[in-house]
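So the sequence shown is numbered by this note's numbering: it starts at 138 and just counts up by one.
Ideal Cβ positions, reconstructed from N, Cα and C, are used throughout, including at glycine.
This one's a predicted model, so the numbers in the text were calculated from it and none came from an experiment.
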Amino acid sequence: MILKDKVEFIIKELNNLYPDAQCSLTYKEPYELLIATRLSAQCTDERVNKVTPALFERYSSLEAFANADFDELCTYIHSCGFFRGKAKSIIEMSRQILKDYEGKVPDSIEELTKLSGIGRKTANLICGDIYGKPAIIADTHCIRLSNRLGLVKNSDNPVTVEKRLREIIPDKYQTKFCHNLVHHGRAVCMSRSPACERCTLNTVCTFSKQSEKQRNRKTADKK
Ligand code: SF4
Numbered sequence: 138m139i140l141k142d143k144v145e146f147i148i149k150e151l152n153n154l155y156p157d158a159q160c161s162l163t164y165k166e167p168y169e170l171l172i173a174t175r176l177s178a179q180c181t182d183e184r185v186n187k188v189t190p191a192l193f194e195r196y197s198s199l200e201a202f203a204n205a206d207f208d209e210l211c212t213y214i215h216s217c218g219f220f221r222g223k224a225k226s227i228i229e230m231s232r233q234i235l236k237d238y239e240g241k242v243p244d245s246i247e248e249l250t251k252l253s254g255i256g257r258k259t260a261n262l263i264c265g266d267i268y269g270k271p272a273i274i275a276d277t278h279c280i281r282l283s284n285r286l287g288l289v290k291n292s293d294n295p296v297t298v299e300k301r302l303r304e305i306i307p308d309k310y311q312t313k314f315c316h317n318l319v320h321h322g323r324a325v326c327m328s329r330s331p332a333c334e335r336c337t338l339n340t341v342c343t344f345s346k347q348s349e350k351q352r353n354r355k356t357a358d359k360k
């Protein structure tokens, strides 16, 4: 199967499996997604979603975050881990948005990555989910599945994965494709034990085919 057909098959199948897939962080305002995503580093979305309701109630605007008392902010986000660094960048990025962007979360990767603590993964998420722009969110699921499926060749570098997927996934599917990968990575293609036998992508998946070949070789060796 040529790559174009393989990509089309994967996009279609994932859309069938996860028609409603979206970012699992809860937010109302664009800046809230930015902050929730910052909190999700080295933490689960589930944990972040437990923390943000009280956090966004206490700090109900960008101005409130910009003027937050550091120690008090830490008490709200403590359970997300690495809370000091996160608190520092949340205050700093809020000030930057107010000062440099008139209080509006920027809409380009170039500008978003100028904000304190914001990398390409978060910048892509904001561009895709808030502004509807083509975006590749190269998180751990995206990187793992792209490699296993054979869309990316042996790379755990997020920038390389992003670049490759931008080349082969049509613009209009990119953001949803990444959300689908997160869902599939949680439900079927888990990190330690991918359930290839029940995965509907196994006919096109490089990892699955290689595993099958290895099993066949071992069976032949035993005979
Ligand atoms: S076939 Fe296996 S490795 Fe490939 S995507 Fe499915 S679960 Fe993951």
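Item, Value
"Is there a Cβ from chain C that is less than 8 Å from the Cβ of Thr277?", "The structure shown has no chain C; it contains just one protein chain."
"Apart from the five residues on each side of it in sequence, which residues of its chain come closer than 6 Å, Cβ to Cβ, to Val341?", "Lys143, Phe146"
"Near Val319, what residues of its chain come up, given a Cβ to Cβ distance below 6 Å and the 5 sequence neighbours on each side ignored?", "His278"
"Can the beta-carbon of Arg323 be found less than 8 Å from the beta-carbon of Pro295?", "no"
"Within the same chain, show all residues whose beta-carbon is closer than 8 Å to that of Val188, passing over the 5 residues directly before and after it, in chain order.", "Leu176, Tyr213, Ile214, Ser216, Cys217"
"What is the rounded straight-line gap between the Cα of Asn339 and the Cα of Asp237?", "48 Å"
"Where does Pro243 fall in DSSP's three states?", "coil"
"Counting Cβ pairs closer than 8 Å, one from the stretch 344-357 and one from the stretch 304-313, do we hit at least three?", "no"
"Let's see if you can read the secondary structure: which residues bound the alpha helix (DSSP H) around Tyr168?", "167-176"
"Here's the rule I'm using: 16 or more other beta-carbon atoms within 10 Å means buried, otherwise exposed. How should Lys141 be labelled?", "exposed"
"Where in the stretch 289-324 do unbroken runs of the alpha helix (DSSP H), each at least 4 residues long, occur, reported from the N-terminal end onward?", "295-305, 311-324"
"Please confirm if the stretch 246-266 is in contact with the stretch 195-213, defined as three or more CB-CB distances below 8 Å between the two stretches.", "no"
"For Leu302 versus Ile273, is the C-beta distance shorter than 8 Å?", "yes"
"Out of curiosity, what's the CA-to-CA distance linking Lys225 and Asp206?", "10 Å"
"Going by other Cβ atoms of all chains shown within 10 Å of its Cβ, with 16 needed for buried, is Ser330 buried or exposed?", "exposed"
"Could you compute how far the alpha carbon of Cys315 sits from the alpha carbon of Leu154?", "13 Å"
"Look at the alpha carbon of Cys211 and the alpha carbon of Cys160, and state the distance between them as a whole number of angstroms.", "25 Å"
"Once you ignore the five residues that flank Val298 on each side, which residues in its own chain have a CB closer than 7 Å to its CB?", "Ala275, Cys279, Ile280, Ser283, Val289, Ser292"
"Rounded to whole angstroms, how far is the Cβ of Pro190 from the Cβ of Val242, which I believe are closer than 8 Å?", "Not confirmed; about 20 Å, so no contact."
"Tell me which residues pass a beta-carbon proximity test against the ligand SF4: closer than 7 Å to any heavy atom, given in chain order.", "Leu282, Arg285, Leu286, His321, Val325, Cys326, Pro331, Ala332, Cys333, Cys336, Leu338, Asn339, Cys342, Phe344, Ser345"
"Work out the CA separation of Ala173 and Thr181 for me, nearest whole Å.", "11 Å"
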